[in-house]
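Colleague:
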Amino acid sequence: MRYFAIRANMMMDDHTIEVKRPRLEVGDAAVLIKGTGEAMEFVGVCVVESIAPRPSEDEPDLVTLSGIIELTPHRPLVCFAGSLRRVWHYLHPWLNFRRAVVSLEKDDFWSILYYEVDPQRTLFRCLSSSMPDSLLDDFFRRHLRDIPTTGRGNRINNYRVAAELFQQFFQDSVTRPFSLVPRFIQEFDSLAEMRIEGVPDLGQLTIGTADRPIRLGSMSERTALVLSENQLFASRNGSLSLLEASGAMLSEAEPTRPHRRSLNGPFPETMNFVTRVWRDPIL
Amino acid sequence: MERPDFITGLREACEDLREHFDDDGAAWLTDVVPPATSDQPEKRGVEYLFELLCYFALIRGLKQRGVKTIRLVRAPGSTGFRFPYAPGAKENFAFFRFEWEGKVYDACAGTEIRPPGALADDPNEAPDISLQYVNTHVGSDNREPGHVIALWDAKHHKNSMSKADENQLLRWCTLFPRTRMQGQEADSYYRPGDLLEKMCPDAFQVSCILTNARATPFSSTNAYRYGYSFVFEFDGSLDTARPNPTRKQHYKGIRPRSR
Numbered sequence: 047m048r049y050f051a052i053r054a055n056m057m058m059d060d061h062t063i064e065v066k067r068p069r070l071e072v073g074d075a076a077v078l079i080k081g082t083g084e085a086m087e088f089v090g091v092c093v094v095e096s097i098a099p100r101p102s103e104d105e106p107d108l109v110t111l112s113g114i115i116e117l118t119p120h121r122p123l124v125c126f127a128g129s130l131r132r133v134w135h136y137l138h139p140w141l142n143f144r145r146a147v148v149s150l151e152k153d154d155f156w157s158i159l160y161y162e163v164d165p166q167r168t169l170f171r172c173l174s175s176s177m178p179d180s181l182l183d184d185f186f187r188r189h190l191r192d193i194p195t196t197g198r199g200n201r202i203n204n205y206r207v208a209a210e211l212f213q214q215f216f217q218d219s220v221t222r223p224f225s226l227v228p229r230f231i232q233e234f235d236s237l238a239e240m241r242i243e244g245v246p247d248l249g250q251l252t253i254g255t256a257d258r259p260i261r262l263g264s265m266s267e268r269t270a271l272v273l274s275e276n277q278l279f280a281s282r283n284g285s286l287s288l289l290e291a292s293g294a295m296l297s298e299a300e301p302t303r304p305h306r307r308s309l310n311g312p313f314p315e316t317m318n319f320v321t322r323v324w325r326d327p328i329l
Numbered sequence: 185m186e187r188p189d190f191i192t193g194l195r196e197a198c199e200d201l202r203e204h205f206d207d208d209g210a211a212w213l214t215d216v217v218p219p220a221t222s223d224q225p226e227k228r229g230v231e232y233l234f235e236l237l238c239y240f241a242l243i244r245g246l247k248q249r250g251v252k253t254i255r256l257v258r259a260p261g262s263t264g265f266r267f268p269y270a271p272g273a274k275e276n277f278a279f280f281r282f283e284w285e286g287k288v289y290d291a292c293a294g295t296e297i298r299p300p301g302a303l304a305d306d307p308n309e310a311p312d313i314s315l316q317y318v319n320t321h322v323g324s325d326n327r328e329p330g331h332v333i334a335l336w337d338a339k340h341h342k343n344s345m346s347k348a349d350e351n352q353l354l355r356w357c358t359l360f361p362r363t364r365m366q367g368q369e370a371d372s373y374y375r376p377g378d379l380l381e382k383m384c385p386d387a388f389q390v391s392c393i394l395t396n397a398r399a400t401p402f403s404s405t406n407a408y409r410y411g412y413s414f415v416f417e418f419d420g421s422l423d424t425a426r427p428n429p430t431r432k433q434h435y436k437g438i439r440p441r442s443r
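Quick note, the sequences are listed as chains A and B, same order.
If you count by this note's numbering, then the first sequence holds residues 47 to 329, one letter each, in order.
If you count by this note's numbering, then the second sequence holds residues 185 to 443, one letter each, in order.
1. Pick helix, strand or coil for E446 of chain B, following the three-state DSSP scheme.
2. Determine the chain B residues that contact N276 of chain A at a beta-carbon separation under 8 Å, and present them in chain order.
3. Give the C-beta separation of G249 of chain A and G263 of chain A to the nearest angstrom, bearing in mind that I take them to be a contact with Cβ-Cβ under 8 Å.
4. With C-beta atoms as the reference, is H340 of chain B less than 9 Å away from Y317 of chain B?
5. Give a yes or no on contact between the segment 159-172 of chain A and the segment 116-135 of chain A, applying the rule of three or more CB pairs nearer than 8 Å.
6. At least one CB of chain B closer than 9 Å to the CB of D218 of chain A: is that the case?
7. Counting along the chain, where does the beta strand (DSSP E) carrying Y49 of chain A start and finish?
8. Name the one or two DSSP bridge partners that R281 of chain B has.
9. Applying the 10 Å Cβ sphere with the 16-neighbour rule, what's the burial state of D183 of chain A?
10. Quick check: is the beta carbon of K287 of chain B nearer than 9 Å to any beta carbon in chain A?
11. Which same chain residues, not among the five before or five after L296 of chain A, have their C-beta less than 8 Å away from its C-beta?
12. Against chain B, which members of the segment 250-267 of chain A pass a CB distance test of less than 8 Å?
13. Could you confirm whether any beta carbon from chain B is found closer than 9 Å to the beta carbon of Q232 of chain A?
14. With a threshold of 8 Å, are at least 3 pairs of Cβ atoms found where one atom belongs to the segment 376-388 of chain B and the other to the segment 416-435 of chain B?
15. Considering only the alpha carbon of each residue, which of A:I260, A:C92 and A:F216 lies closest to G113 of chain A?
16. If we call anything under 9 Å between Cβ atoms a contact, is A407 of chain B one with H434 of chain B?
17. Would you call the segment 197-207 of chain B and the segment 276-292 of chain B in contact, with 3 or more CB pairs under 8 Å?
18. Anything in chain B within Cβ reach of R222 of chain A, meaning under 8 Å, just list it in chain order.
19. Touching or not, the segment 139-154 of chain A and the segment 50-62 of chain A, by the rule of three or more beta carbon pairs under 8 Å?
20. Less than 6 Å between C-beta atoms, sequence neighbours within five positions excluded: which residues of the same chain meet that for Y412 of chain B?
21. Are the C-beta of D419 of chain B and some C-beta of chain A separated by less than 9 Å?
22. Quick check on the burial criterion: 16 or more other C-beta atoms within 10 angstroms. Buried or exposed for D235 of chain A?
23. Residues of chain B with CB under 8 Å from S281 of chain A, in chain order?
24. Taking 9 Å as the CB-CB limit, is H61 of chain A close to chain B?
25. Quick one: which unbroken alpha helix (DSSP H) runs of 4-plus residues sit fully inside the segment 156-204 of chain A? Chain order, please.
26. In the DSSP assignment, what are the bridge partners of F88 of chain A?
27. For K274 of chain B and chain A, any beta-carbon pair shorter than 9 Å?
28. Determine the DSSP secondary structure at N396 of chain B, reduced to helix, strand or coil.
29. What is the rounded straight-line gap between the Cα of I254 of chain B and the Cα of T263 of chain B?
30. 9 Å is my cut-off, CB to CB: does E162 of chain A come that close to chain B?
31. Pull out every residue of the segment 397-421 of chain B whose Cβ sits closer than 8 Å to any Cβ of chain A, in chain order.
32. Under the three-state reduction of DSSP, which class applies to I242 of chain A: helix, strand or coil?
33. Distance check for H135 of chain A and R249 of chain B, CA to CA, integer angstroms please.
34. Check the DSSP bridge columns for L315 of chain B and list the partner residues they point to.
35. Going by C-alpha to C-alpha distance, which of A:M58, A:G83, A:K66 and A:A54 sits closest to A76 of chain A?
36. Compare the C-beta of C92 of chain A against all C-beta atoms of chain B and say whether one is closer than 9 Å.
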C-alpha cells in the first residue's frame, strides 16, 4: 500500500476524481486536503477503490475513492508542517501540496490520521527555517557529530537532541545578542540628544569597510522592532514569549506510535476522533 | 495556549523573523550577531555592539564632564559614520575629536596604533577604545594615530570574564605606558586631579576592562603594577559604574599592603 494526499475539491458527487496519468493504484490510502495557503487542512481519509482506464491518451483516468471518513477535528496543515517528512517548505508548507495528487510517506499519513504532532521536530524545523542559510550551515558544522542521523539519506534520527542543540544555538546567536540591542539604542539616543557635531541618526551607523559596510544602526532599529512585536521574543499580558514557552516542547515525549505495528488495514476499526463517515462530497 | 494555536504562532513568528532578516539583514545575523567561529574564536559578534555601546558611553561622559568641542570626524566615503569591524587604519574610519585645556585628543574605536618604540616587525595593536593625544588643532582632519594615554577593552560575556581578557589588557598597558606624555613615574599613576580624572566619567578614569560580567578574582598585583582596573557589570550606565581597583587605590601611598 502506498499513501497520498488528494485535493478534496477535485472529488465529484460520486466520489470520483479525474487524474491524468495517476500514480494511484487500487488499495492505496489517501488523505483529503481542503483550502489554500495557511487555511489548508487535512479533512478526511479514503482508499482508492477502482481506476477506470482512460478512453484515450489525452483523457484523464477516472479514480473512484471509497471509505471516506472525515477527520474531526480537521488537521490544519500549518500544525503539521514541522512533523511531516513530505514538507520541506516549513514556513510555507502549502507549497508542498500544490499538485492534485501528492505522495506521502507512511509515517506522515499516520501522523495526520492520529493527529500526532512531533513537538521536537516541529520546534527544530521552525527555528532552523527562520535562520539565513549561512547561519544554518554554521550550526551543522558545529554539531553534525552531535546529532544522531540515519544511515540512509543522512536524516536526523533524534529530533529531541537536534532541537535542544538548536535552541541553545539560537539562544547564543540570536537571543543573547538581541537582548543588548535596546540598551544600545538607548545609549545612542542619549548621545544624539547631546547634539554632538557631525553625529547623524542611528540609521547611518555602519561597521566594516567602505566596500562592504554592515548597517549596524538600521539593523539595530529593525531588531528592536522585532523584539517588541515578534511573539518569539515579546511576551503579551504577562505570559511567556513563544521562545520561552517552547522549552516545554523539548520535555514532551516523542510519538512512539506502537499502535501502528498492530494495524493490518489502512484505518483502525475504531477511532475516537472519527465522528461520522462521510457520505456527502466534502465540498 | 492550545497546541495548534501555539504551533501556528511559532511558525508565524519564525516566518516574520526570516522576513525581517533576509537579504542584507542576513549579513546582520551572519556577520554581526553570531557566536564565535573557529576562524575567530575570541571575537563574538555581540561584542561589536557592546564595544560601540561602551564607546558611545565614553563620548557621552566626556560631554557631560564639560568637554565642549567634541565632534565626529567622519570616515572617508559615503558611509562616513563607520567604525571598524576588524582592526583597521585610523585614516579609514570615523572617530571623535575634542579639545581639553588647549590640547587635542581623539577617542577612537578599534583602530590600529603603533606601540611606542616597537621594532619594525612588531604588529600594530587595536584596543577596543583608545584615547589619543594628537599634535594637531581641533578643526583639523589630520588622521594620524596619536599617543595613547588611556585605553579600554570591552568584553561582553555570557558567563564570567576570562584570564585571557586580563592578559590582553596587561599586554596593551605594557606596550602603551600612559606616563609617556606626562612624564610620571610608574607608581604615580592616577594622581589626584590628573587629566583622566578631570575630563572622563568615573568608569573611564582608569584604563580598564569594561565587562557586563560579574566580578571575578583577578591579579591585583598586575593591576597595580601596570595601572589597569576592571569595571564589572557595566551596561553603559555612568552613574554607578566605578573601576576596581579605584583610582585612589592605584595611586602610590594608598594601595593595600602586600602580605
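We treat Cβ as the ideally placed atom computed from N, Cα and C, and that holds for glycine.
Modeller: From the atom records:
1. This structure leaves residue 446 of chain B out entirely; chain B is present only between 185 and 443.
2. Within the first sequence, residue 276 of chain A is the residue found at index 230, counting from 1. Ordered by position in chain B, the residues that pass the 8 Å Cβ test against N276 of chain A are A197, D200, L201 and H204.
3. As a first step, residue 249 of chain A must be located in the first sequence, where it is residue number 203. As a first step, residue 263 of chain A must be located in the first sequence, where it is residue number 217. About 5 Å separates the beta carbon of G249 of chain A from that of G263 of chain A, a gap short enough to meet the 8 Å contact definition.
4. In the second sequence, the residue the question calls residue 340 of chain B occupies position 156. In the second sequence, the residue the question calls residue 317 of chain B occupies position 133. Going by C-beta atoms, H340 of chain B is not nearer than 9 Å to Y317 of chain B.
5. Of all C-beta pairs linking the segment 159-172 of chain A to the segment 116-135 of chain A, three or more are shorter than 8 Å, placing the two stretches in contact.
6. Here residue 218 of chain A corresponds to residue number 172 of the first sequence, with the count starting at 1. Proximity of D218 of chain A to chain B, defined by a Cβ-Cβ separation below 9 Å, is satisfied.
7. Position 3 of the first sequence, counted from the start, is the residue given in the question as residue 49 of chain A. Counting along the chain, the beta strand (DSSP E) containing Y49 of chain A begins and ends at Y49 to R53.
8. For this step, residue 281 of chain B is matched to residue 97 along the second sequence. Beta-bridge pairing links R281 of chain B to B:R255 and B:D290.
9. Residue mapping note: residue 183 of chain A aligns to position 137 of the first sequence, counting from 1. With a 10 Å radius around the Cβ and a threshold of 16 neighbouring Cβ atoms, D183 of chain A comes out exposed.
10. Start at 1 with the first residue of the second sequence, and residue 287 of chain B comes out as number 103. No - not a single Cβ of chain A is within 9 Å of the one on K287 of chain B.
11. Locating residue 296 of chain A in the first sequence gives position 250, where the first residue counts as 1. Same-chain partners within the cutoff: P165, Q166, L169, R206, A209, E210 and Q213.
12. If the cut-off is 8 Å between Cβ atoms, the segment 250-267 of chain A has Q250, L251, T252, I253, G254, T255, A256, P259, I260, R261, L262, G263, M265 and S266 near chain B.
13. Position 186 of the first sequence, counting from 1, holds the residue named residue 232 of chain A. So yes, Q232 of chain A belongs to the interface.
14. Under the 8 Å Cβ criterion, the segment 376-388 of chain B counts as touching the segment 416-435 of chain B, having at least three qualifying pairs.
15. For the purposes of this step, residue 113 of chain A is taken as residue 67 along the first sequence, with counting starting at 1. Of the candidates A:I260, A:C92 and A:F216, A:C92 places its Cα closest to the Cα of G113 of chain A.
16. Taking the second sequence and counting its residues from 1, the one referred to as residue 407 of chain B is at position 223. Taking the second sequence and counting its residues from 1, the one referred to as residue 434 of chain B is at position 250. For A407 of chain B and H434 of chain B, yes; Cβs fall inside 9 Å.
17. These segments do not touch.
18. Within the first sequence, numbered from 1, the residue matching residue 222 of chain A stands at position 176. Residues of chain B passing the Cβ test: V230 and K342.
19. By the Cβ test, the segment 139-154 of chain A is in contact with the segment 50-62 of chain A, since at least three Cβ pairs between them sit closer than 8 Å.
20. Here residue 412 of chain B refers to the residue found at position 228 when the second sequence is read from its first residue. Counting only residues of its own chain and dropping the five nearest sequence neighbours on each side, Y412 of chain B has a CB closer than 6 Å to the CB of L353, C357, S391 and C392.
21. For the purposes of this step, residue 419 of chain B is taken as residue 235 along the second sequence, with counting starting at 1. At least one chain A Cβ lies under 9 Å of D419 of chain B.
22. For the purposes of this step, residue 235 of chain A is identified with residue 189 of the first sequence, where counting begins at 1. Exposed, because fewer than 16 other Cβ atoms sit within 10 Å of the Cβ of D235 of chain A.
23. Position 235 of the first sequence, counted from the first residue, corresponds to residue 281 of chain A. Scanning chain B for C-beta atoms nearer than 8 Å to the C-beta of S281 of chain A yields nothing, as the closest lies near 12 Å away.
24. As a position in the first sequence, residue 61 of chain A is number 15, starting the count at 1. Using a Cβ-Cβ cut-off of 9 Å, H61 of chain A does not count as an interface residue toward chain B, since no Cβ of chain B sits closer than that to its own.
25. Runs found: 165-175 and 179-189.
26. By 1-based counting over the first sequence, the position of residue 88 of chain A is 42. Bridge partners of F88 of chain A: A:I79 and A:R121.
27. Position 90 of the second sequence, counting from 1, holds the residue named residue 274 of chain B. It does not: the Cβ of K274 of chain B has no partner Cβ on chain A nearer than 9 Å.
28. Your numbering for residue 396 of chain B matches position 212 in the second sequence. Looking at N396 of chain B - three-state DSSP - the assignment turns out to be coil, as it is neither helix nor strand.
29. As a working mapping, residue 254 of chain B is identified with position 70 in the second sequence. As a working mapping, residue 263 of chain B is identified with position 79 in the second sequence. I254 of chain B and T263 of chain B have their C-alpha atoms spaced approximately 20 Å apart.
30. Sequence index remark: in the first sequence, residue 162 of chain A carries index 116 (1-based). Nearest CB-CB separation between E162 of chain A and chain B: not below the 9 Å threshold.
31. Against chain A - using a Cβ distance shorter than 8 Å - the residues of the segment 397-421 of chain B are D419 and G420.
32. Counting from 1 along the first sequence, the entry for residue 242 of chain A is found at position 196. Three-state result, I242 of chain A: coil.
33. As a position in the second sequence, residue 249 of chain B is number 65, starting the count at 1. As a position in the first sequence, residue 135 of chain A is number 89, starting the count at 1. Computed Cα separation, rounded: 56 Å.
34. Position 131 of the second sequence, counted from the first residue, corresponds to residue 315 of chain B. Looking at the DSSP assignment, L315 of chain B forms a beta bridge with B:A291 and B:A334.
35. Counting from one through the first sequence, the residue named residue 76 of chain A turns up at place 30. Of the candidates A:M58, A:G83, A:K66 and A:A54, A:A54 places its Cα closest to the Cα of A76 of chain A.
36. For the purposes of this step, residue 92 of chain A is taken as residue 46 along the first sequence, with counting starting at 1. Interface with chain B (9 Å Cβ-Cβ cutoff): C92 of chain A is excluded.
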